[in-house]
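*Asks:* Quick note, the sequences are listed as chains Y and B, same order.
The numbering of the first sequence is the working numbering, which starts it at 1 and goes up by one.
The numbering of the second sequence is the working numbering, which starts it at 1001 and goes up by one.
Idealized CB from N, CA, C, for every residue including glycine.
Since the model is a prediction, treat every value here as computed from it, not as a measurement.
One structure coming up, written as structure tokens, with questions to follow.
2 protein chains.
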Amino acid sequence: MKSAIPVTTIEIKTACSQCNLRELCLPFGLDPREVNQLDELVGSRRKIKRQQHLYRSGEAFEAIYAIRAGSFKTDVILEDGRDQVTGFQMTGEVLGLDGISSERHSCNAIALEDSEVCVIPFSRLEELSRQVESLQHQFHKIMSREIVRDHGVMMLLGSMRAEERLAAFLLNMSQRFTARGFSPSEFHLRMTRDEIGSYLGLKLETVSRAFSRFQEDGLVAVQQKHIRILDTPGLKKLLNHHAA
Amino acid sequence: MKSAIPVTTIEIKTACSQCNLRELCLPFGLDPREVNQLDELVGSRRKIKRQQHLYRSGEAFEAIYAIRAGSFKTDVILEDGRDQVTGFQMTGEVLGLDGISSERHSCNAIALEDSEVCVIPFSRLEELSRQVESLQHQFHKIMSREIVRDHGVMMLLGSMRAEERLAAFLLNMSQRFTARGFSPSEFHLRMTRDEIGSYLGLKLETVSRAFSRFQEDGLVAVQQKHIRILDTPGLKKLLNHHAA
DNA sequence: AAATCGTATTGATGTGGATCAAAGGGCTCC
DNA sequence: GGAGCCCTTTGATCCACATCAATACGATTT
């Protein structure tokens, strides 16, 4: 299939082997030869404009997606129109795992900003992970990590107060920005108060008030979507010092 | 390790190939030869008495567990003592998937009644699923199903009112009992009101009141842990007819 | 630079479920 | 088979967050 002409600069730049996200993504733990095998499998990239769907609930499942650039939210919608954001995904994270069980996507994935994903045909991923043990293991870890994350959100939704939820959210974002080489204390949120609220099981006004409260208490400096964390230990204390 | 004497009746009875749960469990979709390979991998069974832990958060992860008999709950506990039930598991369901990501269990699994599980050493499962495509696929489906289930719980915790949560819970239990050949409308809950409440993000008093309300409205007949569903459509209506 | 629209903040009021409290019922374990 | 204890139910009160409402801000368009 591959032509004999040399690969273009762009193709090189987008290969797993050249991708600076590989420590966070599917190639983690693979040796260079194995990463090259993965490269062949990642057929195409897809650009998704802000507010566009990467996939929709009910669509046939054929591939999972690794985020190369940008960010997404996933949500589920009930018949009566209520919806709930189930997660926010950043570069290097994998989207679409929910579709494996029924061969149909069970949520919507929507770009929070202009973004790009690597398309990983799932049957070929299963095929290759039968041959490459480290890939198989990394894939299992990624799925398991999603389960653990979900349990954390269930804890948050089931037993935390509004300010604790927002503190947990901010600390989580900080940690994920840090893992991507950005500042732990200063970042730009790509989602609205309403989307944060949906994720945290709160109304947007409650999210806004909690932000204001944190600002009053000197925990963070908030300017719309731009966040500066001033007192990380203070935020952590908010989480744990709750009388049982 | 195995002695040369013929396998006992009990050992035969507990093999996957003879297990009547195989349609719900890991062997689903495997041909008889493949199920035999799985049999060899399922090293041992473990009996867990009511209230005993199958595993605890923080323990090294080595195996996943398929429930042969009985039922379990899983929970996560915060430093300050707050805890949250993240799921109830019935026969044929798999426990321990949360441990893959960090090689340590991230929650506790506790038997709700005297129970028995099949121990599936994880590294051997990965090994065999590199050889047996249908096993690999079934395992991936099981993990994905857990993710989808978790998203449903997030929806429930984030956007439903108390009675809707309980209705969703009862319908889910009914469906799972049905899948196991039991009555869809009459069953015995193994967990307390407190545990249901923890799972649903409610206090036990609220769960109790919701049960009483359902009883008044003729939706269910409740006698302690014994539940008879009288009006399934009524319960379903409660879920969907919510003004957005 | 003005107009528009989505997003955010802040205030006033309402309410669903939490909390506090007490009594009754049914298991479990001697 | 009885004692004790945990579990459940029900009532009264409280409070955290939702809801309703108005304004302000900022980005985008023209």
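1. Run down chain Y in chain order and give the residues with a C-beta less than 9 Å from the C-beta of residue 1203 of chain B.
2. Is the beta carbon of residue 111 of chain Y sitting closer than 8 Å to the one on residue 162 of chain Y?
3. Rounded C-beta distance between residue 1106 of chain B and residue 151 of chain Y? I'm assuming under 8 Å.
4. Which value, in whole angstroms, describes the spacing of the CA atoms of residue 1195 of chain B and residue 38 of chain Y?
5. What does residue 288 of chain Y pair with, by DSSP beta-bridge criteria?
6. With respect to the alpha helix (DSSP H) encompassing residue 168 of chain Y, which residues constitute its N-terminal and C-terminal limits?
7. Taking the alpha-carbon of residue 146 of chain Y as reference, which of Y:120, Y:175, Y:89 has the nearest alpha-carbon?
8. For residue 202 of chain Y, name the three-state secondary structure that DSSP assigns.
9. Can you check whether the C-beta of residue 1025 of chain B is within less than 8 Å of a C-beta belonging to chain Y?
10. Step through the CB atoms of chain Y and report whether any lies within less than 8 Å of the CB of residue 1224 of chain B.
11. Please state whether DSSP places residue 44 of chain Y in a helix, a strand or coil.
12. For a contact defined as C-beta to C-beta under 9 Å, what are the partners of residue 1053 of chain B on chain Y?
13. In the DSSP assignment, find the alpha helix (DSSP H) that holds residue 152 of chain Y and state where it starts and stops.
14. If you draw a straight line from the C-alpha of residue 1136 of chain B to the C-alpha of residue 27 of chain Y, how long is it?
15. Can you tell me whether residue 37 of chain Y is helix, strand or coil according to DSSP?
16. Identify the contact partners of residue 240 of chain Y in chain B, using a Cβ-Cβ distance below 8 Å as the criterion.
17. In the structure shown, what three-state DSSP assignment does residue 1192 of chain B receive?
18. Whole angstroms are fine: how far does the CA of residue 1043 of chain B sit from the CA of residue 84 of chain Y?
19. Roughly how many whole angstroms lie between the Cα atoms of residue 115 of chain Y and residue 30 of chain Y?
20. Suppose you measure from the CA of residue 62 of chain Y to the CA of residue 74 of chain Y; what does that come to, to the nearest Å?
21. Determine, using beta carbons only, whether residue 1071 of chain B and residue 1133 of chain B come nearer to each other than 8 Å.
22. In chain order, what residues of the same chain lie with their CB nearer than 7 Å to the CB of residue 1193 of chain B, ignoring the 5 residues before and after it?
23. Note down, in chain order, each residue of its chain lying with its Cβ closer than 6 Å to the Cβ of residue 2 of chain Y, except the 5 sequence neighbours on either side.
24. The beta strand (DSSP E) that contains residue 1237 of chain B, what's its start and end?
*Replies:* This is what the structure holds:
1. Along the second sequence, read from residue 1 onward, the residue named residue 1203 of chain B stands at position 203. By Cβ distance, chain Y contributes nothing, its closest Cβ being about 11 Å from residue 1203 of chain B, past 9 Å.
2. The sequence position of residue 111 of chain Y within the first sequence is 111, counting from 1. The sequence position of residue 162 of chain Y within the first sequence is 162, counting from 1. Not in contact: residue 111 of chain Y and residue 162 of chain Y (Cβ atoms no closer than 8 Å).
3. Here the question's residue 1106 of chain B lines up with position 106 in the second sequence. Here the question's residue 151 of chain Y lines up with position 151 in the first sequence. Rounded, the Cβ-Cβ distance is 7 Å, consistent with contact.
4. The residue labelled residue 1195 of chain B in the question sits at position 195 within the second sequence. The residue labelled residue 38 of chain Y in the question sits at position 38 within the first sequence. For residue 1195 of chain B and residue 38 of chain Y, the distance between alpha carbons rounds to 45 Å.
5. Within the shown structure, residues of chain Y are numbered from 1 to 244, placing residue 288 of chain Y beyond reach of any answer.
6. Here residue 168 of chain Y refers to the residue found at position 168 of the first sequence. Residues 162 to 179.
7. Within the first sequence, residue 146 of chain Y is the residue found at index 146, counting from 1. Here the closest residue by C-alpha is Y:89.
8. What you label residue 202 of chain Y is simply residue 202 of the first sequence in a count that begins at 1. It is coil, neither helix nor strand.
9. Taking the second sequence and counting its residues from 1, one reaches residue 1025 of chain B at position 25. Answer no: the Cβ-Cβ gap between residue 1025 of chain B and chain Y never drops below 8 Å.
10. Numbered from its first residue, the second sequence carries residue 1224 of chain B at position 224. So no, residue 1224 of chain B is outside the interface.
11. For the purposes of this step, residue 44 of chain Y is taken as residue 44 along the first sequence, with counting starting at 1. Note: residue 44 of chain Y maps to strand in three-state DSSP.
12. Numbered from its first residue, the second sequence carries residue 1053 of chain B at position 53. Correct list: empty, because the minimum Cβ distance to chain Y is about 17 Å.
13. Looking up residue 152 of chain Y in the first sequence gives position 152. Note, residue 152 of chain Y: alpha helix (DSSP H), 133 to 159.
14. Position 136 of the second sequence, counted from the first residue, corresponds to residue 1136 of chain B. Position 27 of the first sequence, counted from the first residue, corresponds to residue 27 of chain Y. Approximately 19 Å, taken between the alpha carbons.
15. Working through the first sequence from its first residue, we reach residue 37 of chain Y at position 37. Correct three-state label for residue 37 of chain Y: helix.
16. Counting from 1 along the first sequence, the entry for residue 240 of chain Y is found at position 240. Per Cβ cutoff of 8 Å: 1078, 1079, 1080.
17. As a working note, residue 1192 of chain B is residue 192 in the second sequence. Reduced to three states, the DSSP call for residue 1192 of chain B is coil.
18. Translated into the one-based positions of the first sequence, residue 84 of chain Y becomes position 84. Translated into the one-based positions of the second sequence, residue 1043 of chain B becomes position 43. Spanning the two alpha carbons is a distance of roughly 42 Å.
19. The residue labelled residue 115 of chain Y in the question sits at position 115 within the first sequence. The residue labelled residue 30 of chain Y in the question sits at position 30 within the first sequence. The alpha-carbon atoms of residue 115 of chain Y and residue 30 of chain Y are separated by roughly 26 Å.
20. Working through the first sequence from its first residue, we reach residue 62 of chain Y at position 62. Working through the first sequence from its first residue, we reach residue 74 of chain Y at position 74. Distance between the alpha carbons of residue 62 of chain Y and residue 74 of chain Y: 17 Å.
21. Along the second sequence, one-based indexing puts residue 1071 of chain B at 71. Along the second sequence, one-based indexing puts residue 1133 of chain B at 133. Their beta carbons are not under 8 Å apart, which means residue 1071 of chain B does not touch residue 1133 of chain B by this criterion.
22. Within the second sequence, the letter at position 193 stands for residue 1193 of chain B. So the qualifying residues of the chain are 1204, 1207, 1208.
23. Taking the first residue of the first sequence as position 1, residue 2 of chain Y is located at position 2. Because residue 2 of chain Y sits at a pLDDT of 44, beneath the cut-off of 50, its placement in the model cannot be relied upon, and the following sentence gives the value as read from the coordinates. Contacts found: none.
24. Your numbering for residue 1237 of chain B matches position 237 in the second sequence. Run containing residue 1237 of chain B: none in the beta strand (DSSP E); it sits in the alpha helix (DSSP H), 1232 to 1240.
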